[in-house]
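Undergrad: Under numbering that gives the first Met the number 0, the very last position in the sequence shown is 286; numbers go up by exactly one each time.
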Amino acid sequence: MSNSTATPPYPNGDQAALDIEAADGAAIIPIQKHTSVTSRIWDHLQEPVRPSTLVEVELSILTFCTGIQDAISFPDYHCFASNQTGNTVLLMVALLSPSLDGEMFITANIGAALGFFLLAGWITGQLGHFVGPRRRIWLICCNFAQSCLVFAAAAIQYRAGIAARSAAAVAVTGLLAFASGSQVVQSRALATTEISTAMATAAWVDLVIDPHMLAWHNRPRNRRVCFLLSLAGGALTGAAIARSAGSSVALLISAAGKLLVAFIYLLNGADKPKRTVPGPDGAEAEK
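(1) Please say whether Phe-150 and Ala-254 have beta carbons closer to each other than 7 Å?
(2) For Arg-220, list the residues DSSP reports as bridge partners.
(3) Could you check how far apart the C-beta atoms of Pro-258 and Ser-181 are, in whole angstroms? I think they sit under 8 Å.
(4) Can you tell which of Leu-90, Ser-35, Cys-78 has its C-alpha closest to the C-alpha of Ala-176?
(5) On the DSSP letters alone, give me the boundaries of the alpha helix (DSSP H) that Ile-301 sits inside.
(6) In this structure, does DSSP put Ile-42 in helix, strand or coil?
(7) Can you name the start and end residues of the alpha helix (DSSP H) that Ile-194 belongs to?
(8) Please say whether Phe-63 and Gly-232 have beta carbons closer to each other than 7 Å?
(9) Suppose contacts are defined by Cβ-Cβ distances below 7 Å. Is Val-171 in contact with Ala-190 by that definition?
(10) Report the residue from Thr-192, Ile-252, His-211 whose alpha carbon sits nearest the alpha carbon of Cys-225.
(11) Out of Gln-156, Arg-222, Leu-117, which one is the CA nearest neighbour of Ala-249?
(12) Expressed to the nearest angstrom, what Euclidean distance is found between the alpha-carbon atoms of Arg-218 and Leu-148?
(13) Kindly give me the distance between the Cβ atoms of Pro-47 and Asp-270, rounded to whole angstroms, as I take these residues to be in contact under 8 Å.
(14) Suppose you measure from the CA of Ser-179 to the CA of Leu-228; what does that come to, to the nearest Å?
(15) Can you tell me whether Pro-132 is buried or exposed, with buried defined as 16 or more other CB within 10 angstroms of its CB?
(16) Do you know how far the Cα of Leu-235 is from the Cα of Ala-93?
(17) Excluding sequence positions up to five away, which residues of its chain have a Cβ less than 7 Å from the Cβ of Leu-230?
(18) Excluding five sequence neighbours on each side, which residues of the same chain lie with their C-beta closer than 7 Å to the C-beta of Ile-136?
(19) For the alpha helix (DSSP H) that contains Met-91, what are its first and last residues?
(20) Distance check for Arg-49 and Asn-108, CA to CA, integer angstroms please.
See the structure below:
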């Protein structure tokens with residue numbers, strides 16, 4: 000019986016075995032998808048914002064700011080910055096009764112408010128379809144731009160004073176209306192239509208006809224109540240500030256509130272995409 004040695008499992012001995020095992024171990028190390036802080040921040044900004052309680056708070060703050068703006072725009076310029084129902088009616092009256100211009104309303108200011116409101120809604124809405132209406136960076140940029148417009152309106156009013164018939168008046172109403180138009184479009188995009196941030200008529204009607212108006216748990220009703228209280232509170236605050244410190248100060252506070260919301264959007268949860276998994280019959284189901 001001959002003495003023979005077993006053939007080693009690796010041609011190069013133990014070192015080759017260790018090398019192969021090390022390579023296998025390295026192969027299963029998970030690859031980091033994002034390694035830099037910058038890429039993680041960018042991914043966060045690209046996420047769509049999920050409708051939530053925080054969104055309701057943000058829209059309520061914007062509604063409060065809207066109340067401030069309308070509380071100073073009508074007494075100062077005889078038009079509404081956000082309430083386009085009133086502007087539409089007054090504009091039709093102005094077309095048929097131009098002699099009332101200057102007594103009940105200022106036609107140029109009403110036209111500027113309605114026109115810039117619609118222009119802002121069109122621009123924000125159409126760009127939102129392209130960019131993503133609930134994308135975080137889009138919401139932040141829109142609110143930042145709206146804040147800048149209101150800051151600019153406050154600066155113009157502070158420098159030029161309150162003159163209902165002037166180029167400054169048209170500029171102020173146009174800036175405020177443009178900011179409001181963009182803001183209303185955002186509330187629609189966030190799927191929280193009960194808090195429109197501007198129009199109260201539909202909210203009042205929907206509130207009183209709600210069949211579950213007195214139910215303990217009724218989120219749509221709660222949203223409408225918050226919206227109406229925020230709008231009324233903003234109007235009272237704006238009127239009080241305008242009377243004591245001036246309309247430009249009220250606009251500064253409104254702009255600061257809108258700017259605050261732009262930063263709060265960084266804290267919103269993301270709307271994660273739904274995953275599809277194969278069902279028992281082979282069809283895909285959402286999960």
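Here a beta-carbon is modelled for each residue, glycine too, at the ideal position from N, C-alpha and C.
Computed from a predicted model, the values in this text were never measured in an experiment.
TA: So, to answer that:
(1) Translated into positions along the sequence shown, residue 254 becomes position 255. Translated into positions along the sequence shown, residue 150 becomes position 151. Yes. Within cutoff.
(2) Working through the sequence shown from its first residue, we reach residue 220 at position 221. Per DSSP, Arg-220 has no beta-bridge partner at all.
(3) Here residue 258 refers to the residue found at position 259 of the sequence shown. Here residue 181 refers to the residue found at position 182 of the sequence shown. Reading off the sequence shown, one finds Leu at residue 258, where the question assumed Pro. Going by Cβ atoms, the distance from Leu-258 to Ser-181 rounds to 14 Å, so no, they are not a contact pair.
(4) Numbered from 1 along the sequence shown, position 177 holds the residue referred to as residue 176. Among Leu-90, Ser-35, Cys-78, the Cα nearest to that of Ala-176 is on Cys-78.
(5) Residue 301 falls outside the range modelled here, since the chain spans only 0 to 286, and no answer is possible.
(6) As a first step, residue 42 is located in the sequence shown; it is residue number 43 there, counting from the start. In the sequence on display, residue 42 carries Asp and not Ile. DSSP places Asp-42 in helix when its eight states are reduced to three.
(7) Counting from one through the sequence shown, the residue named residue 194 turns up at place 195. First-last for Ile-194: undefined, no H or E at that position.
(8) Counted from its first residue, the sequence shown places residue 232 at position 233. Counted from its first residue, the sequence shown places residue 63 at position 64. Yes.
(9) Reading the sequence shown from its first residue, position 172 is the one you call residue 171. Reading the sequence shown from its first residue, position 191 is the one you call residue 190. No.
(10) Counting from 1 along the sequence shown, the entry for residue 225 is found at position 226. Nearest of Thr-192, Ile-252, His-211 to Cys-225, Cα basis: Thr-192.
(11) The residue given as residue 249 occupies position 250 in the sequence shown. Nearest C-alpha to Ala-249 among Gln-156, Arg-222, Leu-117: Gln-156.
(12) By one-based count along the sequence shown, residue 218 stands at place 219. By one-based count along the sequence shown, residue 148 stands at place 149. Going from the Cα of Arg-218 to the Cα of Leu-148 covers about 33 Å.
(13) Looking up residue 47 in the sequence shown gives position 48. Looking up residue 270 in the sequence shown gives position 271. 4 Å between Cβ atoms; contact.
(14) In the sequence shown, counting from the first residue as 1, residue 179 sits at position 180. In the sequence shown, counting from the first residue as 1, residue 228 sits at position 229. Using only the alpha carbons, I get a separation of about 18 Å.
(15) Mapped onto the sequence shown, residue 132 falls at position 133. Pro-132 comes out buried.
(16) Along the sequence shown, one-based indexing puts residue 93 at 94. Along the sequence shown, one-based indexing puts residue 235 at 236. Spanning the two alpha carbons is a distance of roughly 28 Å.
(17) Translated into the one-based positions of the sequence shown, residue 230 becomes position 231. Cβ neighbours of Leu-230 beyond the five flanking positions: Thr-62, Thr-65, Gly-66, Ala-199.
(18) Working through the sequence shown from its first residue, we reach residue 136 at position 137. Closer than 7 Å at Cβ, skipping near neighbours: Leu-44, Gln-45.
(19) Taking the sequence shown and counting its residues from 1, one reaches residue 91 at position 92. Note, Met-91: alpha helix (DSSP H), 83-95.
(20) Within the sequence shown, numbered from 1, the residue matching residue 108 stands at position 109. Within the sequence shown, numbered from 1, the residue matching residue 49 stands at position 50. Cα to Cα, Asn-108 sits roughly 37 Å from Arg-49.
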